[in-house]
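Each remark here refers to the structure printed beneath this line.
Number of protein chains: 2
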Amino acid sequence: MKLASLREGRDGKLIVVDRTLSSAVQVPDIALTLQQSLENWASVAPLLESVYQNLNEGEGQRFPLDADKLAAPLPRTYQWLDGSAYLTHVERVRKARGAELPEQLLTDPLMYQGGGDTLLGSRDPIPLVDARWGLDFEAELGVITDDVPMGVTPENAGQHIRLFVLVNDVSLRNLIPSELAKGFGFLQGKPSSALSPVAVTPDEIGEAWDGRKVHLALVTDLNGERFGNPDAGEDMHFDFPALISHAAHTRRLSAGTLIGSGTVSNADTERGCSCLIEKRVLEIIAAGQPATPFLNAGDRVHIEMLDGNGRSIFGAIDQLVLPWPR
Amino acid sequence: MKLASLREGRDGKLIVVDRTLSSAVQVPDIALTLQQSLENWASVAPLLESVYQNLNEGEGQRFPLDADKLAAPLPRTYQWLDGSAYLTHVERVRKARGAELPEQLLTDPLMYQGGGDTLLGSRDPIPLVDARWGLDFEAELGVITDDVPMGVTPENAGQHIRLFVLVNDVSLRNLIPSELAKGFGFLQGKPSSALSPVAVTPDEIGEAWDGRKVHLALVTDLNGERFGNPDAGEDMHFDFPALISHAAHTRRLSAGTLIGSGTVSNADTERGCSCLIEKRVLEIIAAGQPATPFLNAGDRVHIEMLDGNGRSIFGAIDQLVLPWPR
Chain B
1 MKLASLREGR
11 DGKLIVVDRT
21 LSSAVQVPDI
31 ALTLQQSLEN
41 WASVAPLLES
51 VYQNLNEGEG
61 QRFPLDADKL
71 AAPLPRTYQW
81 LDGSAYLTHV
91 ERVRKARGAE
101 LPEQLLTDPL
111 MYQGGGDTLL
121 GSRDPIPLVD
131 ARWGLDFEAE
141 LGVITDDVPM
151 GVTPENAGQH
161 IRLFVLVNDV
171 SLRNLIPSEL
181 AKGFGFLQGK
191 PSSALSPVAV
201 TPDEIGEAWD
211 GRKVHLALVT
221 DLNGERFGNP
231 DAGEDMHFDF
241 PALISHAAHT
251 RRLSAGTLIG
261 SGTVSNADTE
271 RGCSCLIEKR
281 VLEIIAAGQP
291 ATPFLNAGDR
301 VHIEMLDGNG
311 RSIFGAIDQL
321 VLPWPR
Chain V
327 MKLASLREGR
337 DGKLIVVDRT
347 LSSAVQVPDI
357 ALTLQQSLEN
367 WASVAPLLES
377 VYQNLNEGEG
387 QRFPLDADKL
397 AAPLPRTYQW
407 LDGSAYLTHV
417 ERVRKARGAE
427 LPEQLLTDPL
437 MYQGGGDTLL
447 GSRDPIPLVD
457 ARWGLDFEAE
467 LGVITDDVPM
477 GVTPENAGQH
487 IRLFVLVNDV
497 SLRNLIPSEL
507 AKGFGFLQGK
517 PSSALSPVAV
527 TPDEIGEAWD
537 GRKVHLALVT
547 DLNGERFGNP
557 DAGEDMHFDF
567 PALISHAAHT
577 RRLSAGTLIG
587 SGTVSNADTE
597 RGCSCLIEKR
607 VLEIIAAGQP
617 ATPFLNAGDR
627 VHIEMLDGNG
637 RSIFGAIDQL
647 VLPWPR
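Those sequence lines, one after another, are chains B and V.
Position 326 of the first sequence, counted from 1, bears residue number 326 in the numbering used here, the numbering being contiguous throughout.
Position 226 of the second sequence, counted from 1, bears residue number 552 in the numbering used here, the numbering being contiguous throughout.
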């Protein structure tokens, strides 16, 4: 099924969206928010699923879906952990800032904790505070879990994946080198991320989800032109169950935890990129200097994933860069 | 006023506690949870304050306060950011793991984002999963904010401090060096932290709170013996408004954000330490090797702050280390 949140209050108002993303229905008798649903998934999900089936069969009252009226499916989460599972991305980005690759690159996932308290909706503008900060996007796939026990193994972690979303992990490239040099990870370098209009249960991805990875292209357009369409199932060195197990190694994860794949990136450069800095690195390698600028006011970032029949699974993240304060 | 949360549901049930920490009253007609109160502070705080005054004057129904029945005041927060404002701590800990000091040590606060979704109550055991991980405590002071706008200046940040708490920032010392070497900060090295029984409004700290720092000793006992009593107002290089401003530089902070001071530490070694690793470093300097082990099953950590009259402000964090799974 497909779930979304209308802009209302701090947690949004849960709605069920039909498979084609054209209509939706409110479900106040079942659950008020997506967070509440995740906390009571075993009892709530079957009720939501029933509404979803009726909706797809054309039964019951509905209203047209308007992405502009949606908050992020989870407007705030108690935990946003972002992996870096595509090593091509890690290698290119570290090359860009002259940083070394971690010794344990192949065996120990990179993961940081980001600000999940103010997630942006799919149509919310990306604030441009200072162009010198080097504003960039990162197109990713993310999973939302229920309660995950401490020490969960990769074999048992997959069952805790309740929903998938797309993520735009907004990054401030020119703040990151000095911030990471301090040794404590990202803080100012990673402002609020945005989520896709809807979150979907694993069955909506069909056979493209093999229980470990999603074998579909993640398509990013910049200002209406194709920027990249790497396959999210290729070159993902740490799969989603491995990322969840890594996150839960020394602590339990509470329901609603969002775990990102990291920027989707293929070794095949023909597939393009999912962030500006990777393209800049490839330009430096090819021509000695970058040609692609970081984001500026008026730029538009569009991130979407289509199923085998060309239908949008999550709806599109479609964000305009706007000066702040506006 | 002093606020706490009974163990009930994921967010606890808000109670108002009297100044002496001996009795409390439920306030379901005012707010169900502390999180809810923080989201509506302007309207809720005066009502809670009125209950608090009556409670201190001996009016109305009450029940005896039992710290064992309390969850953390905020059992989960959307954001837990921990500064490292006491540079003596930074210098000693980095010496212990042979890491360099950041170039911008004096001008740019160290801060990491930790897991705030599963905060421990003051009497919850500290789980000992594997003694080889090097289990340690860190005694800290923390502030809880309301909604903080992006870009808030240090001059305007102080007004967003709604509550103070004590924090035990549990650390796994032997996991940290390789984790930080990856460059993305803490994740597995920082399991769930614990909070003091009650959170208090700034006025409860009286003149010891000067709007920037709290000039009182933070007392830590280990297994009934004094371990440290450094003055939280001494050697704090970045004050609380500076830490909030740093955190909000590129994103807004939502109500309920918890910001820690970092381990309280004085240059004067006569004041002892607020974590084991600092003591171990001092032992290495004095005798060539550490004499103090990391925490083991059965150890008890007691963290408390007393006012000028010797009364406990927050109640005590008093945690027993227990093997996990129990």
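Positions of the beta carbon are idealized from the N, C-alpha and C atoms, including for glycine.
Every value quoted in this text rests on a predicted model; they were computed, and no experiment measured them.
For residue i, would you say it is in contact with chain B, using Cβ-to-Cβ distances shorter than 8 angstroms as the test?
{"i": "Val493 (chain V)", "result": "no"}
{"i": "Gln405 (chain V)", "result": "yes"}
{"i": "Leu584 (chain V)", "result": "no"}
{"i": "Glu365 (chain V)", "result": "yes"}
{"i": "Met437 (chain V)", "result": "yes"}
{"i": "Gln430 (chain V)", "result": "yes"}
{"i": "Gly641 (chain V)", "result": "no"}
{"i": "Leu400 (chain V)", "result": "no"}
{"i": "Ala411 (chain V)", "result": "no"}
{"i": "Gly272 (chain V)", "result": "Because chain V in this structure spans residues 327 to 652, residue 272 (chain V) falls outside the shown range and cannot be described."}
For the candidate residues the options, whose alpha-carbon lies nearest to that of residue i?
{"i": "Ile313 (chain B)", "options": "B:Leu216, B:Glu283, B:Cys275", "result": "B:Leu216"}
{"i": "Cys601 (chain V)", "options": "V:Pro556, V:Arg637, V:Ala642, V:Phe564", "result": "V:Pro556"}
{"i": "Asp11 (chain B)", "options": "B:Leu120, B:Pro102, B:Met1", "result": "B:Leu120"}
{"i": "Phe463 (chain V)", "options": "V:Leu492, V:Gly484, V:Gly559", "result": "V:Leu492"}
{"i": "Thr269 (chain B)", "options": "B:Ser245, B:Thr88, B:Asn40", "result": "B:Thr88"}
{"i": "Thr527 (chain V)", "options": "V:Ala350, V:Leu332, V:Ser369, V:Leu374", "result": "V:Leu374"}
{"i": "Met437 (chain V)", "options": "V:Leu407, V:Glu417, V:Pro428", "result": "V:Leu407"}
{"i": "Glu283 (chain B)", "options": "B:Trp209, B:Arg123, B:Leu258, B:Val93", "result": "B:Val93"}
{"i": "Ala422 (chain V)", "options": "V:Ile603, V:Phe510, V:Arg552", "result": "V:Ile603"}
{"i": "Gly9 (chain B)", "options": "B:Arg252, B:Gly142, B:Leu74, B:Leu218", "result": "B:Leu74"}
{"i": "Asp307 (chain B)", "options": "B:Leu34, B:His237, B:Ala232, B:Asp299", "result": "B:Ala232"}
{"i": "Glu630 (chain V)", "options": "V:Pro354, V:Val590, V:Phe564, V:Ala613", "result": "V:Val590"}
{"i": "Pro480 (chain V)", "options": "V:Thr444, V:Ile570, V:Ile585, V:Phe490", "result": "V:Ile570"}
{"i": "Asp545 (chain V)", "options": "V:Arg538, V:Gly554, V:Glu560, V:His486", "result": "A small correction: the amino acid at residue 545 (chain V) is Val; Asp does not occupy that position in the sequence shown. Comparing Cα positions, the closest option is V:Gly554."}
{"i": "Ser43 (chain B)", "options": "B:Pro325, B:Leu222, B:Asp146", "result": "B:Asp146"}
{"i": "Pro451 (chain V)", "options": "V:Leu579, V:Glu560, V:Ala398", "result": "V:Ala398"}
For residue i and chain V, any beta-carbon pair shorter than 8 angstroms?
{"i": "Lys13 (chain B)", "result": "no"}
{"i": "Ala287 (chain B)", "result": "no"}
{"i": "Met305 (chain B)", "result": "no"}
{"i": "Gly114 (chain B)", "result": "yes"}
{"i": "Gly142 (chain B)", "result": "no"}
{"i": "Val249 (chain B)", "result": "The amino acid at residue 249 (chain B) is misidentified as Val; the sequence shows His. His249 (chain B) counts as touching chain V."}
{"i": "Lys182 (chain B)", "result": "yes"}
{"i": "Arg132 (chain B)", "result": "no"}
{"i": "Thr153 (chain B)", "result": "no"}
{"i": "Asp117 (chain B)", "result": "yes"}
{"i": "Gln188 (chain B)", "result": "yes"}
{"i": "Pro28 (chain B)", "result": "no"}
{"i": "Gly206 (chain B)", "result": "no"}
To which residues of the same chain is residue i closer than 6 angstroms at the C-beta, ignoring the five residues directly before and after it?
{"i": "Lys605 (chain V)", "result": "Cys599, Thr618"}
{"i": "Ile176 (chain B)", "result": "Gly189"}
{"i": "Arg300 (chain B)", "result": "Asn223, Leu320"}
Identify the continuous alpha helix (DSSP H) that holds residue i and give its terminal residues.
{"i": "Thr414 (chain V)", "result": "413-422"}
{"i": "Glu39 (chain B)", "result": "34-39"}
{"i": "Ala4 (chain B)", "result": "It is not in any alpha helix (DSSP H) - Ala4 (chain B) instead sits in the beta strand (DSSP E) that spans 2-6."}
{"i": "Pro503 (chain V)", "result": "502-507"}
Please list the terminal residues of the continuous beta strand (DSSP E) segment that includes residue i.
{"i": "Arg162 (chain B)", "result": "161-168"}
{"i": "Ala483 (chain V)", "result": "It is not in any beta strand (DSSP E) - Ala483 (chain V) instead sits in the alpha helix (DSSP H) that spans 480-483."}
{"i": "Ala350 (chain V)", "result": "349-352"}
{"i": "Pro453 (chain V)", "result": "452-454"}
{"i": "Gly114 (chain B)", "result": "111-114"}
{"i": "Ala139 (chain B)", "result": "139-145"}
{"i": "Lys13 (chain B)", "result": "13-17"}
{"i": "Gln319 (chain B)", "result": "317-323"}
{"i": "Asn148 (chain B)", "result": "The question names Asn, but residue 148 (chain B) in the sequence shown is Val. Unbroken run through Val148 (chain B): none, as it is neither H nor E."}
{"i": "Gly409 (chain V)", "result": "406-409"}
{"i": "Asp221 (chain B)", "result": "218-222"}
Quick one: what's got a C-beta closer than 8 angstroms to residue i's C-beta in the same chain, skipping five residues either side?
{"i": "Leu347 (chain V)", "result": "Lys328, Leu391, Pro523, Val524, Ser638, Gly641"}
{"i": "Gly114 (chain B)", "result": "Trp80, Leu81, Asp82, Asp169, Phe186, Lys190, Ser193"}
{"i": "Gly614 (chain V)", "result": "none"}
{"i": "Val152 (chain B)", "result": "His160, Ile244, Ser245, Ala248"}
Once you ignore the five residues that flank residue i on each side, which residues in its own chain have a CB closer than 7 angstroms to its CB?
{"i": "Ala393 (chain V)", "result": "Ser448, Arg449, Pro523, Gly641"}
{"i": "Gly460 (chain V)", "result": "Leu498, Arg499, Asn500, Phe620"}
- Inside the region 226-302 of chain B only - alpha helix (DSSP H) runs reaching at least 4 residues: Segments of the alpha helix (DSSP H) lying fully in the region 226-302 of chain B: 240-247, 276-287.
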